[in-house]
DNA sequence: TTCCTCACG
DNA sequence: ACGTACGTGAGGAAA
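Numbering (this note's numbering), first residue to last: 79 to 949.
Here you go:
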């Protein structure tokens, strides 16, 4: 059995992968789709071929055209897309990490390298497989050299295989004649000119008959269409040049040791680290349990008895930094007891050598363990732990000031990531790769150790990036405020909620029936696909396609059709009821706890801008804009003896914008008047404040929103249903009126371009990798983000400060009243009746004084016996 | 899972 | 020429 070598055309396959896959990025903003696609193809090929040798060839110059001379002559050289260019060095590193031989050679194309290698290897009696997306390489095919062209079809990669015979079958020419064929017909993608006037068909006929351009030229007068005969004579020089360009050099000279191409285990530690970094989660499973021999693991200890545990805590007492974690028992417990969520023990790490996993046991009570942990934590300069909020039920924190939430710190340093697990932090900050299959105690020790070791590094990075104060003064105190809020929960009248749901069900059924009657058949109204077919095909309602998958049935589309088609308005109504029932009536009911309250989660490490997010359930999107939806707020009620006090900032984002831009005109305006949209209308449209029409105010409001979102004439025109030109005029008028805003927004974009991130008034950063994209759409998006993030982010900073202040004062002043919800610019407090005035005073002070801007921060405040009334 | 739709600021 | 407003989360359908 002869040996086999696989030769891969690196750039060609990367290119294929890049254009064949959607744009993927890892959480650091690094584009990864080409690398991912390349690896997918590589694995597939290796599985099929099981070769002894493997080599990947690259061109030396990244933006590659096979024939630079001609490319320059034609002036058609296009630079490689930035997103792809970035991935080339990464690809080479990944291959290196996998121990795969790569070659490149100045002055030689990858084609020439591959051609030469395939010829040599064949001579040595080997079987050769050449992997390329480029059909040019078909000329290399023989009985022992197979050209394999991968194609991505519907997400799956299929490979077309060509031996010499297959080339002949498919193209009716031999591999070497293939060169002549190309020389005649040319190849625009490869910048081979070919002979003008001779296309694919004619070229094929000529080569099939005459086998080479030289022979064809000799018989030029006999060539079939007279046009081809003339072309051949007239452009013979082009034909010769093209043939030269199309010919791959199989006798190139370059250094190469076959032994280096020997395929060893590609699933190395280094490769594993790369795959993790690139977040190729499903490719990671290919790796065997190859434990990295990290020395640190030697000092990981598992402790199961009281004596040793006591010794650990004694030693930990007084340590400068303590890293810890609390872990749960594996779910061997019957579901019946699942909600007990038993704690299995803790991890603790406090020096280079001290890392312990302490398990609960007969003489190691969990309560004692947690007590000890809390005690030593209070004594340390820094107590580091992941996701502190989730552990506050277990820990008795005596000193908030020394707490360091590693998750939150990692979030501040890169808010774009989707999770901040200890595995990620260990890899990113400590360069440690933790083995998936490690024993539990090892993982526990790793988590504690990572908290311990990474906290120092993260703290330094926070200092370097000017975010230390943001972290210690805002984010860390906020952890506790959010914990209190979750713990408090919000009371919901479940009977009233049920009643609300039942009423909705009645309406839904009636509407369903009417819709089926008008449609003439029953179908699933919730299915956009089925609905599209009914409306736009069966009922022939005009309003064509919009989405990739079919017709758009979004509300803004349907609203335009509603006046002419009763069924459409019924569908809109149905949708509204269905949404209210499924998401709110039924959805919320599932979260009401035994205490009659919903304890939703408020997440601190989700959003890119610094806002808080709310899940399980989302309490930040309870309906309010329509009366019907707003009614659901009546089921949110305070407990007996309490009332709701609701306070929300008035136009906080626009006020932030006025302050940050320093536009004197706008600042002056906002100092005077409360109705910001009206004053904008007055100044932009040059009419007295009192004479502003409703339409003018609406337009001004839309412009204000547009400014905050990162204005574009297209977006504004959509919103106002006007032409782009008119929208552009509004924007222009706005900038004329407030030139400071224009300057500020331009600066925001420029700053983000220069620094790579947008920044808030309090130093919070948001990376904007899209700004360096070669894609217009992406880049425009980046610009809008650069304009919006500082505004939205600063507003988020401010309300966080307010929340912390409100929560702190409610506690400090010994009040029973409590914070129950935050909705971005709004705080809801369940206030004990006799404390209402105090609470209102606290809210007003803490919210209005949260930041001192050049414009006043104003709030609207209401009280009520339910959320509907209090808003 | 991914897409579409829609609820909020 | 490109095809959008910024930031979220959830439910239902279809793949």
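Just so it is clear, CB atoms sit at the ideal spot from N, CA and C, and this is done for glycine as well.
Bridge-paired residues (DSSP) for residue 545: Paired residues: none, contrary to the question.
Given that a residue counts as buried once 16 or more other Cβ atoms are within 10 Å of its Cβ, and exposed if not, what is residue 297? Counting other Cβ atoms within 10 Å of its Cβ, residue 297 stays below 16 and is therefore classed as exposed.
Flag this pair as yes or no: are the beta carbons of residue 704 and residue 871 separated by less than 8 Å? It is not a contact, given that the beta carbons lie outside the stated cut-off.
Which of helix, strand or coil DSSP assigns to residue 265: DSSP places residue 265 in strand when its eight states are reduced to three.
CB-CB under 8 Å to residue 835, same chain, minus the five flanking residues each way: which ones, in chain order? For residue 835, same chain residues with a beta-carbon under 8 Å away, outside a window of 5 residues either side, are 843, 844, 845, 846 in chain order.
Simplified DSSP assignment, three categories, for residue 886: If DSSP states are grouped into helix, strand and coil, residue 886 belongs with the helices.
Checking 8 Å against the spacing of the C-beta atoms, do residue 398 and residue 458 come in under that value? Yes, they are a contact pair.
For residue 606 and residue 91, what's the separation of their Cα atoms in angstroms? Here the alpha carbons of residue 91 and residue 606 stand approximately 38 Å from one another.
With 16 other CB atoms within 10 Å as the buried threshold, where does residue 749 fall? By the 16-neighbour rule on beta-carbons within 10 angstroms, residue 749 is exposed.
Which one of 888, 664, 270, 421 has the shortest CA to CA distance from residue 403? Per the Cα distances, 421.
DSSP on residue 795, reduced to helix/strand/coil? In the structure shown, residue 795 sits in a helix (DSSP, three-state: H, G or I).
Looking at the strands, I want to know which residues DSSP matches up with residue 228. In DSSP, residue 228 forms a bridge with 237.
Does the beta-carbon distance from residue 84 to residue 197 come in below 8 Å? No. Outside cutoff.
Can you confirm whether the stretch 436 to 455 touches the stretch 531 to 541 when touching is taken to mean that 3 or more C-beta pairs between the two stretches lie within less than 8 Å? The stretch 436 to 455 and the stretch 531 to 541 do not touch, with fewer than three beta-carbon pairs separated by less than 8 Å.
Proximal residues to residue 613 (C-beta, below 6 Å), its chain only, five neighbours per side dropped: Excluding positions up to five away in sequence, the list reads 619.
Neighbourhood of residue 441 by C-beta distance below 8 Å, restricted to the same chain and skipping five residues each side: If we look at residue 441 and ignore the five residues flanking it on each side, its Cβ neighbours are 383, 384.
The beta strand (DSSP E) that contains residue 131, what's its start and end? Counting along the chain, residue 131 sits inside the beta strand (DSSP E) bounded by residues 131 to 135.
Three-state secondary structure (DSSP) at residue 310? Residue state, collapsed to three classes: helix.
Beta-carbon within less than 8 Å of residue 316's beta-carbon, same chain only, minus the 5 sequence neighbours each way: which residues are those? Same-chain partners within the cutoff: 271, 272, 273, 274.
So if DSSP puts residue 427 in a beta bridge, which residue, or which two residues, is it bridged to? Paired residue(s): 401, 433.
Of the residues 488, 491, 460, 826, the one placed nearest residue 476, counting alpha carbons only: When only C-alpha atoms are compared, the closest one is 460.
Classify residue 88: buried if its beta carbon has 16 or more other beta carbons within 10 angstroms, exposed otherwise. Residue 88 is buried by the Cβ-count criterion.
Smallest Cα separation from residue 616: which of 865, 933, 596, 265? Selected option, being the one with the closest Cα: 596.
Length at least 4, wholly inside the stretch 169 to 236: the alpha helix (DSSP H) runs in chain order: Positions of the alpha helix (DSSP H) runs, each at least 4 residues long and wholly inside the stretch 169 to 236, are given as 188 to 201 in order along the chain.
Going by DSSP, which residues form a beta bridge with residue 103? According to DSSP, which records beta bridges pairwise, residue 103 is partnered with 109.
Determine the contact status of residue 917 and residue 909, defining contact as a CB-CB distance below 8 Å. Yes, these two residues count as a Cβ contact at 8 Å.
For residue 242, which residues of its own chain have a beta-carbon under 7 Å away from its beta-carbon, when the five flanking residues on both sides are left out? Here the set comprises 219, 220, 221, 252, 253.
Short of 8 Å in beta carbon distance, which residues of its chain neighbour residue 533, apart from the five on each side in sequence? Order them along the chain. In the same chain as residue 533, and ignoring 5 residues on each side of it, the C-beta atoms closer than 8 Å to its own belong to 399, 401, 460, 462, 482, 484, 487, in chain order.
Report all residues from its chain with a CB closer than 6 Å to the CB of residue 491; omit the five preceding and five following residues, and keep chain order. So the qualifying residues of the chain are 539.
Check for me: the alpha helix (DSSP H) holding residue 729 runs from which residue to which? Unbroken run through residue 729: none, as it is neither H nor E.
Excluding the 5 residues preceding and the 5 following residue 236 in the sequence, name in chain order all residues of the same chain whose CB lies nearer than 7 Å to its CB. If we look at residue 236 and ignore the five residues flanking it on each side, its Cβ neighbours are 229.
Just how far apart, CA to CA, sit residue 700 and residue 575? Roughly 13 Å separates the two Cα atoms.
To which residues does DSSP link residue 118 through a beta bridge? DSSP lists no partner for residue 118.
Just to confirm before moving on: does the CB-CB distance between residue 610 and residue 631 stay below 8 Å? The beta carbons of residue 610 and residue 631 sit closer together than 8 Å.
Rounded to whole angstroms, what's the CA-CA distance from residue 742 to residue 940? Just pull it up for me. Distance between the alpha carbons of residue 742 and residue 940: 32 Å.
Hey, residue 682 and residue 557 are a contact pair by Cβ (cut 8 Å); roughly how many whole angstroms apart? Between residue 557 and residue 682 the Cβ distance is about 7 Å, and since that is below 8 Å, they are a contact.
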